[in-house]
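What the sequence shown shows, in the UniProt record's numbering, is residues 1 to 947, in sequence order. Where a beta carbon is used, it is the ideal one built from N, C-alpha and C, also for glycine. Note that the structure is predicted; figures quoted are calculated from it, not measured.
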Amino acid sequence: MTGYTMLRNGGVGNGGQPWLLRWSSRIRLTWLSFILFVILVFFPLIGHYYLTTIDDADDAGKRIFGPRTGNELCEVKHVQDLCRIRESVSEELLQLEAKRQELNSEIAKLNLKIEACKKSIENAKQDLLQLKNVISQTEHSYKELMAQNQPKLSLPIRLLPDKDDVTFPLPKSNRNCRLHNCFDYSRCPLTSGFPVFVYNSDDYPFGSSLDPLIKQAFEATVRTNVYVTENANIACVYIILVGEMQEPVMPKPTELEQQLHSLPYWRTDGHNHLIINLSRKSETQNFLYNISTGRAMLAQSTFYDVQYRPGFDIVISPLVHAMSEPNFLEIPPQVPVKRKYLFSFQGEKIESLRSSLQEVRSFEEEIEGNAPADYDDRIITTLKAVQDSKLDFVLVEFTCKNQPKASLPTEWALCGERDDRLELLKLSTFALIITPGDTRLVISAGCAMRLFEALEVGAIPVVLGEQVQLPYNDVIRWNEAALIIPKPRITEVHFLLRSISDNDLLAMRRQGRFLWETYFSTSDNVFSTVLAIIRTRIQIPAAPIREETAVEIPHRSGKAAGTDPNMADNGDLDLGPVETEPPYASPKYLRNFTLTAMDIYRNWNSAPGPFHLFPYTPFDPVLPSEAKFLGSGTGFRPIGGGAGGSGKEFQAALGGNVPREQFTVVMLTYEREEVLMNSLERLNGLPYLNKVVVVWNSPKLPSEDLLWPDIGVPIMMQCDSLSQIQPCALRTFAARLLSAGQGTGDVSFPMSAGADVSGWIRFTFSIGRSCIVVSELQENNKPINKVVRTEKNSLNNRFLPWDEIETEAILSIDDDAHLRHDEIMFGFRMFSPCQYYAYLYSYVMPQAIRDMVDEYINCEDIAMNFLVSHLTRKPPIKVTSRWTFRCPGCPQALSHDDSHFHERHKCINFFVKVYGYMPLLYTQFRVDSVLFKTRLPHDKTKCFKFI
1 MTGYTMLRNG GVGNGGQPWL LRWSSRIRLT WLSFILFVIL VFFPLIGHYY
51 LTTIDDADDA GKRIFGPRTG NELCEVKHVQ DLCRIRESVS EELLQLEAKR
101 QELNSEIAKL NLKIEACKKS IENAKQDLLQ LKNVISQTEH SYKELMAQNQ
151 PKLSLPIRLL PDKDDVTFPL PKSNRNCRLH NCFDYSRCPL TSGFPVFVYN
201 SDDYPFGSSL DPLIKQAFEA TVRTNVYVTE NANIACVYII LVGEMQEPVM
251 PKPTELEQQL HSLPYWRTDG HNHLIINLSR KSETQNFLYN ISTGRAMLAQ
301 STFYDVQYRP GFDIVISPLV HAMSEPNFLE IPPQVPVKRK YLFSFQGEKI
351 ESLRSSLQEV RSFEEEIEGN APADYDDRII TTLKAVQDSK LDFVLVEFTC
401 KNQPKASLPT EWALCGERDD RLELLKLSTF ALIITPGDTR LVISAGCAMR
451 LFEALEVGAI PVVLGEQVQL PYNDVIRWNE AALIIPKPRI TEVHFLLRSI
501 SDNDLLAMRR QGRFLWETYF STSDNVFSTV LAIIRTRIQI PAAPIREETA
551 VEIPHRSGKA AGTDPNMADN GDLDLGPVET EPPYASPKYL RNFTLTAMDI
601 YRNWNSAPGP FHLFPYTPFD PVLPSEAKFL GSGTGFRPIG GGAGGSGKEF
651 QAALGGNVPR EQFTVVMLTY EREEVLMNSL ERLNGLPYLN KVVVVWNSPK
701 LPSEDLLWPD IGVPIMMQCD SLSQIQPCAL RTFAARLLSA GQGTGDVSFP
751 MSAGADVSGW IRFTFSIGRS CIVVSELQEN NKPINKVVRT EKNSLNNRFL
801 PWDEIETEAI LSIDDDAHLR HDEIMFGFRM FSPCQYYAYL YSYVMPQAIR
851 DMVDEYINCE DIAMNFLVSH LTRKPPIKVT SRWTFRCPGC PQALSHDDSH
901 FHERHKCINF FVKVYGYMPL LYTQFRVDSV LFKTRLPHDK TKCFKFI
């Protein structure tokens, strides 16, 4: 403390010397730090300034620190070695860079080869799985065939008869003629196709006596019939038209008989001949009654009992509409069921000589089948009493206001003109048809005319007289469309008619409408029905219904499908085999002969009739569940090999009552390429998919740079016009056809440089208004050439049965309809034979409906629904809840037009007029998948989680 005080006070003495030393040392350190700071800061700044300004001198030779060129440096002796080293190193670096780039290129190529090898390995694995599947399926099919010892059925191979006939014994009389003793079966093998030869009536004298309208209508029908052949040597049946004849120039019976016996293929007795006598009037003459026709069959509307040979001759309907088609819009609707009159009858009886004498008959004669003379009088008395009772509105008139039509003896003649009679029948629920009093007359043209007119306008026929032989009675169940009542029950007729319910009345009216449209309405129907009768009797199948053929041109695919994970939406479910299931065509024509032998009455008494042989039908009988496990049937693949299972095992096999099967997608589009491509990509990975058919309804061809997705299955596209195809492509196409596919690829559209062209796609074009384009994967790049032509651009094309469709099941869908894979699979597992209805839509449904679809470019879906409901009388099945179908990428749609739904209303009303009633039925339930809301153990899966 003392020292410190002294220091602060500045004391000088002995204690001040240390303080001076310390102060001097601090001064030296401060100066030393300052000097070092100046040296380190200012000297570099001065040096930098000097170095930056010293080389500004004009004399370059005086520059010391300025930059110098490489040569100048190299001139310096001690730098030359460094320059040589630098050049050597630079060359080595360039060489190493080149080698590095070369190695990188080789590595990239090897990576591509590795990827290609991996892809090849995957493809090979898939091919191996497919091959194993094919081998397994083939082995299974072989075992099934060996166990059944049954041949595989398909369309029959045509077998024709020999030129010479085989003689067989004659029956005792022509009256005893039946097929077994008067028909030569050797000329009609089961697989002959039923060839028919038609004589030209103009080549014979009686041809000039034929009614011109009937003759013209008959010739027009013959020209379009599929069974008619010009080669008489292979014919099964020979047909000659002999009536209706005009009375003034009618030949004598002996002359007509001689002319028939002189036919070139008559062969002494006329076997396998059919003599047709068509009637256009109610008073048609039965001039064949006194003519010997030998073993020839007769087809006419009037027969006596001694003339008619059951099962051999044919009772046909009159040909009212000879050269004109009936107008369906003029036919009254089938509802309301009850009309103004309960029943009606107009006619006047022309008495025979025997009836006019009023011969008295005994009770024994009545028992023998001869009706008493006063039965018609009893009928008149009873019907008048019903009319006078006024319990129901009834109209009966037994005297014509004008001159009655000519008729046969004991027959009730028609009154008035045809239009007047139809107007009365339109107001009648039932139409009485009183058979002739002479029981020897089993059918007359007058009765057939009354039957025709009643069926035409929906009046249910009530035939009084059970002995009558109605047209085509051996195959048509007339009890489903008419009431056939014995004359002794005339007093109970009124009670019987009043007791029939509305349901039964409408069912009979619908059946009568079907019979009239199918067998009576036109000359083509009458002739086709006569041929079908004979063909059915001798058990020959009908001709297969026609299909639209396809010829294809090769093209390459470009776009690989499946790049967008959102496209293939399968609901996170394992829906079944995808790539391991090879394409499998549905078996066709498995019931060629059983349909003719077993289902005669069903074929003849339900739509579409017996005129076509279909590859598939929804009427095949179903085997019991255990029968398939015991070797019955073919194509059955039980779930889990017979052990069953849950959803996973269920999806791996169809199982149930459905054999091995796949389906085809038919997609309609119009100038929406992006939407179409997205829709096609959504189908990638869809199980059981056999093929995709795209109906291109635009007059423009698809864009040349359009890259079609490769979804692993064939794609068929229907287009409309080929006017924009270049001539060189057409010439190349013709060359391809002539060289059987050995031409070049000039027909291919231009492809982008980076396109994936790993697989062939077949495109089809035709030189015409429209075509089908087929896109299909081909092995070994071997395309097949085919062409499909359509008559016009039409929405009806979506239902055309193209021969490229090889499956029974079809999913018809628009390009903007987005369905998940599980929804498609659920519909597939519930499917009915869809292609069967496509045949009916295209070839059987009334043409007026298809014309309406073409007129409005609309309503084809409604037309199909009407057709299916009309045939099955079943309502639609709602299978899931789909509130909206959005299509954000669609540039245009028909439904956006305000007139779209107004047109659909018009279509519905028009279709109702054509069918005569509303075929659509209500549905009040929804079908969900099995176990939809059932809780399952954690190790089990449902078939469908979201449906």
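#1: Assuming Phe328 is part of the beta strand (DSSP E), what are its boundary residues?
#2: Bridge partners of Met864, per DSSP?
#3: Can you give me the C-alpha to C-alpha distance between Val757 and Arg660, rounded to a whole angstrom?
#4: From which residue to which residue does the beta strand (DSSP E) around Val242 run?
#5: Quick check: the Cα distance between Thr744 and Leu800, rounded to an integer number of angstroms?
#6: On the CB-based measure, 16 or more other CB atoms within 10 Å of its CB, does Val463 come out buried or exposed?
#7: Express the C-alpha separation of Asn865 and Ser842 in angstroms, rounding to a whole number.
#8: Given a cut-off of 8 Å on the beta-carbon distance, is the pair Leu668 and Asp474 in contact?
#9: Can you tell me the Cα-Cα spacing of His271 and Ile538, whole angstroms?
#10: Can you tell me whether Thr399 is buried or exposed? The criterion is at least 16 other CB atoms within 10 Å of its CB, across all chains shown.
#11: Applying the 10 Å Cβ sphere with the 16-neighbour rule, what's the burial state of Met598?
#12: Just verifying my parser: in three-state terms, what is the DSSP assignment at Lys125?
#13: For the alpha helix (DSSP H) that contains Tyr341, what are its first and last residues?
#14: Apart from the five residues just before and just after Val222, which ones in its own chain have a Cβ nearer than 6 Å to its Cβ?
#15: So what's residue 991 in DSSP terms, helix, strand or just coil?
#16: Counting beta carbon pairs with one atom in the segment 411-431 and one in the segment 380-390, are three or more of them shorter than 8 Å?
#17: With distance defined between alpha-carbon atoms, name the residue in Cys188, Ala235, Tyr185 and Gln246 nearest to Lys215.
#18: Provide the residue span of the alpha helix (DSSP H) that contains residue 958, from first to last.
#19: Span of the alpha helix (DSSP H) holding Ile639?
#20: Cα separation between Phe183 and Arg295?
#21: Going by beta carbon distance, what residues of the same chain come within less than 6 Å of Val396, once the five residues before and after it are set aside?
#22: From which residue to which residue does the beta strand (DSSP E) around residue 948 run?
#23: Can you look up Ala385 in the DSSP assignment and give me helix, strand or coil?
#24: Let me make sure I understand the geometry here. Which of Arg820, Ser869 and Leu260 has the alpha-carbon closest to that of Tyr837?
#25: Within 10 Å of its beta-carbon, does Thr596 have 16 or more other beta-carbons around it, so buried, or fewer, so exposed?
#26: Is Gln80 helix, strand or coil when you go by DSSP?
#27: Might you give, ordered along the chain, the residues of its own chain that have their beta carbon closer than 6 Å to the beta carbon of Ile862, omitting 5 neighbours on each side?
#28: Would you say Ser646 and Glu671 are within 8 Å of each other, going by their C-beta atoms?
#29: On the three-pair Cβ rule with 8 Å, is the segment 400-410 touching the segment 434-442?
#30: How long is the line joining the alpha carbons of Lys933 and Asp939, rounded to whole angstroms?
#31: Which of helix, strand or coil does DSSP assign to Gln300?
#32: Residues in the same chain with beta-carbon distance under 7 Å from Trp307, minus the five sequence neighbours each way, listed in chain order, please.
#33: Looking at the structure shown, is Glu397 part of a helix, part of a strand, or coil, going by DSSP?
#34: What did DSSP end up calling Arg535 once you bin it into helix, strand or coil?
#35: Can you check which of these residues, Cys236, Phe206, Val468 and Pro624, is closest to Pro189 by C-alpha distance?
#36: Do you know offhand how far Leu256's Cα is from Lys913's?
Taking the coordinates as given:
#1: Sequence index remark: in the sequence shown, residue 328 carries index 328 (1-based). Note, Phe328: premise wrong, no beta strand (DSSP E); not H, not E.
#2: In the sequence shown, the residue the question calls residue 864 occupies position 864. None, per the DSSP bridge assignment.
#3: Residue numbering aside, residue 757 sits at position 757 when the sequence shown is read from its first letter. Residue numbering aside, residue 660 sits at position 660 when the sequence shown is read from its first letter. Low per-residue confidence applies at Val757: pLDDT is 28, beneath 50, and the placement is therefore not dependable, though the value from the model is reported in the following sentence. Cα to Cα, the separation comes out at about 33 Å.
#4: For the purposes of this step, residue 242 is taken as residue 242 along the sequence shown, with counting starting at 1. First-last of the beta strand (DSSP E) with Val242: Val237 to Gly243.
#5: By 1-based counting over the sequence shown, the position of residue 744 is 744. By 1-based counting over the sequence shown, the position of residue 800 is 800. With a pLDDT of 31 at Thr744, under the threshold of 50, the predicted position of this residue should be treated as unreliable, and no value is reported.
#6: Against the sequence shown, residue 463 aligns to sequence position 463. The residue is buried, with at least 16 neighbouring Cβ atoms inside 10 Å.
#7: Your numbering for residue 842 matches position 842 in the sequence shown. Your numbering for residue 865 matches position 865 in the sequence shown. The alpha-carbon separation between Ser842 and Asn865 amounts to approximately 14 Å.
#8: Against the sequence shown, residue 668 aligns to sequence position 668. Against the sequence shown, residue 474 aligns to sequence position 474. Taking 8 Å as the Cβ cut-off, Leu668 and Asp474 do not qualify as a contacting pair.
#9: Position 271 of the sequence shown holds residue 271. Position 538 of the sequence shown holds residue 538. Cα-Cα distance, rounded: 14 Å.
#10: Counting from one through the sequence shown, the residue named residue 399 turns up at place 399. Exposed.
#11: Counted from its first residue, the sequence shown places residue 598 at position 598. Met598 should be labelled exposed.
#12: In the sequence shown, counting from the first residue as 1, residue 125 sits at position 125. Looking at Lys125 - three-state DSSP - the assignment turns out to be helix.
#13: Against the sequence shown, residue 341 aligns to sequence position 341. Tyr341 -> not in any alpha helix (DSSP H); beta strand (DSSP E) instead, spanning Tyr341 to Gln346.
#14: Translated into the one-based positions of the sequence shown, residue 222 becomes position 222. In the same chain as Val222, and ignoring 5 residues on each side of it, the C-beta atoms closer than 6 Å to its own belong to Val198 and Val228, in chain order.
#15: Absent from the structure is residue 991, since the part of the chain shown begins at 1 and ends at 947.
#16: No, the segment 380-390 is not in contact with the segment 411-431.
#17: Along the sequence shown, one-based indexing puts residue 215 at 215. Closest option to Lys215, Cα to Cα, is Gln246.
#18: The structure shown has nothing for residue 958, since the chain only spans 1 to 947.
#19: As a position in the sequence shown, residue 639 is number 639, starting the count at 1. Run containing Ile639: none; DSSP gives neither H nor E here.
#20: Along the sequence shown, one-based indexing puts residue 183 at 183. Along the sequence shown, one-based indexing puts residue 295 at 295. Answer to the nearest angstrom: the Cα atoms are 7 Å apart.
#21: Along the sequence shown, read from residue 1 onward, the residue named residue 396 stands at position 396. Counting only residues of its own chain and dropping the five nearest sequence neighbours on each side, Val396 has a CB closer than 6 Å to the CB of Phe345, Leu383 and Gln387.
#22: For residue 948 there is no data in the structure shown, the boundaries of the chain being 1 and 947.
#23: For the purposes of this step, residue 385 is identified with residue 385 of the sequence shown, where counting begins at 1. Three-state result, Ala385: helix.
#24: Here the question's residue 837 lines up with position 837 in the sequence shown. The candidate whose alpha carbon is nearest that of Tyr837 is Ser869.
#25: For the purposes of this step, residue 596 is identified with residue 596 of the sequence shown, where counting begins at 1. Its Cβ being crowded by 16 or more others within 10 Å, Thr596 is buried.
#26: Walking along the sequence shown from the start, residue 80 turns up at place 80. Gln80 falls in the helix class under three-state DSSP.
#27: Position 862 of the sequence shown, counting from 1, holds the residue named residue 862. Taken in chain order, the residues that qualify are Cys907.
#28: For the purposes of this step, residue 646 is identified with residue 646 of the sequence shown, where counting begins at 1. For the purposes of this step, residue 671 is identified with residue 671 of the sequence shown, where counting begins at 1. Between Ser646 and Glu671, the CB-CB gap reaches or exceeds 8 Å.
#29: Because the criterion of three Cβ pairs below 8 Å is met, the segment 400-410 and the segment 434-442 touch.
#30: Start at 1 with the first residue of the sequence shown, and residue 933 comes out as number 933. Start at 1 with the first residue of the sequence shown, and residue 939 comes out as number 939. CA-CA distance, Lys933 to Asp939, rounds to 17 Å.
#31: Along the sequence shown, read from residue 1 onward, the residue named residue 300 stands at position 300. Three-state DSSP puts Gln300 in a strand.
#32: On the sequence shown, position 307 is the one that residue 307 refers to. With the sequence shown as reference, residue 307 is identified as Gln, and Trp is not the correct amino acid for it. Counting only Cβ-Cβ distances below 7 Å, and skipping sequence neighbours, we find Tyr289.
#33: Stepping through the sequence shown from its first residue, residue 397 is reached at position 397. Taken through DSSP and simplified to helix, strand or coil, Glu397 comes out as strand.
#34: Your numbering for residue 535 matches position 535 in the sequence shown. In the structure shown, Arg535 adopts helical secondary structure according to DSSP, grouped into three states.
#35: Counting from 1 along the sequence shown, the entry for residue 189 is found at position 189. Selected option, being the one with the closest Cα: Cys236.
#36: On the sequence shown, position 256 is the one that residue 256 refers to. On the sequence shown, position 913 is the one that residue 913 refers to. The straight-line gap from Cα to Cα measures roughly 47 Å.
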